[in-house]
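Enquirer:
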Amino acid sequence: MPELPEVETIRRELVPLISGKIFASPLLHMPSAIEYPDSEQFSAALTGQKVLNIGRKGKYLIITLDHGILIVHLRMTGNLLYTEEGPPEKDRYLRLSFPFNDGSALYFSDMRRFGRVWLVADDHELQEKVLKRVGPDIFDEMDLEKFIALLGRRERVMLKALLLNQGFAAGMGNIYTDECLFRCGIHPRRRVSTLSRSEVEALYKAIRAVLNEGIEHGGTTFRDYRNARGTAGDYQSKLAVYGRKGERCRCGSPIEKTTVAGRGTYFCPLCQVEWTATEKET
DNA sequence: AGCACCACCTGTGGGC
DNA sequence: TGCCCACAGGTGGTGC
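712 is the number of the first residue of the first sequence in our numbering; add one for each residue after it.
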């Protein structure tokens, strides 16, 4: 589910809602959702802590407390809901409840149980336990020069696989990757080494534009994604290719679906050509 | 290094 | 109508 724009939407909503609040004792309906530390230490360490800041790196939501850092990753179907009216009724998928001492609460719900939370002591532990293999945030920690430099070390890889690799840069997921590659007219199976300078610049611009639009529209809801207030996103109506197999691209060609890097991949076969003329000859 | 495949889970949509 | 399988927004591991 949630990619960078969805997590950023939740982050922006939570800032005014929970900043300064103090956690009461959490309810661990499904303790296995806690990746670190063990559930007893987790509960003891969280209780009484104050929310100082809410950040994000890639798809990780990072809540800085006065004596630790709470991290949430929603994976495919996770939701993080804020309410002042008690737990959502008959939610079969409620995994963790995080009440505050004023009666409001955060609820972590997750149908497929892939989502995880961590509670670490400091930035060092954050890096070691959670973000060890996570690259720079592709929205907040990237510029064109850095992007070009990072590409230079991954010459052989297919673009779709590269953009999905959170170690290269963090935040892109399956939907926004397909949209970016369509936007700049590059085929998802193209390899980094075949890109011209202008294509690299177009790709970088497309990434910024698509992520910005996703955030402006409150994210994409296909099925499960909800923001912190339980409302669906809006960007699905703006998607050019993702989920639109058989529909006409603006060029007239039907959108195709294939598999790249093990993921369902939507593209326009006319706007995104797989091979350049020079490659075909060599 | 890069990629294919499997695992983790539950639900659902499309094909037959 | 009903059943079954493939697939779903993410990541981590294995093995070639």
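Even glycine gets a Cβ: it sits at the ideal position worked out from N, Cα and C.
Whose C-beta lies closer than 6 Å to the C-beta of A988 among residues of the same chain, with five residues either side of it excluded?
Expert: At A988 the pLDDT is 49, less than 50, meaning the model places this residue with poor confidence and gives no usable figure here.
Enquirer: Reducing DSSP to helix, strand and coil, say where E746 ends up.
Expert: strand
Enquirer: Give the single residue among G944, P737, H784 and T758 whose Cα lies nearest to the Cα of G826.
Expert: Among G944, P737, H784 and T758, the Cα nearest to that of G826 belongs to H784.
Enquirer: If we call anything under 8 Å between Cβ atoms a contact, is P847 one with A816?
Expert: no
Enquirer: Identify which residue in R961, Y887 and F734 has its Cα closest to the Cα of G814.
Expert: F734
Enquirer: Taking 8 Å as the cut-off, does the segment 726 to 743 touch the segment 752 to 772 (at least 3 CB pairs, one atom from each stretch)?
Expert: yes
Enquirer: Determine the closest residue to G769 out of T931, G884 and L781, with distance taken between C-alpha atoms.
Expert: The shortest Cα separation from G769 among T931, G884 and L781 belongs to G884.
Enquirer: Can you tell me which residues form a DSSP beta bridge with I966?
Expert: DSSP lists no partner for I966.
Enquirer: Rounding to the nearest angstrom, what Cα-Cα distance links M741 and V828 in this structure?
Expert: 11 Å
Enquirer: For the segment 916 to 934 against the segment 943 to 957, are there 3 or more C-beta pairs whose distance is under 8 Å?
Expert: yes
Enquirer: From L892 to R919, what does the alpha carbon distance come to, in whole angstroms?
Expert: Distance between the alpha carbons of L892 and R919 is about 12 Å.
Enquirer: Mind checking which residues open and close the alpha helix (DSSP H) that includes N885?
Expert: Segment N885 to R894, the alpha helix (DSSP H) holding N885.
Enquirer: Looking only at its own chain, which residues have a Cβ that is under 7 Å from the Cβ of E714, when we skip the five neighbours before and after it?
Expert: Cβ neighbours of E714 beyond the five flanking positions: K770, G882, M883, G884, I886 and Y887.
Enquirer: Buried or exposed: which applies to L855, given that a residue is buried once 16 or more other Cβ atoms fall within 10 Å of its Cβ?
Expert: exposed
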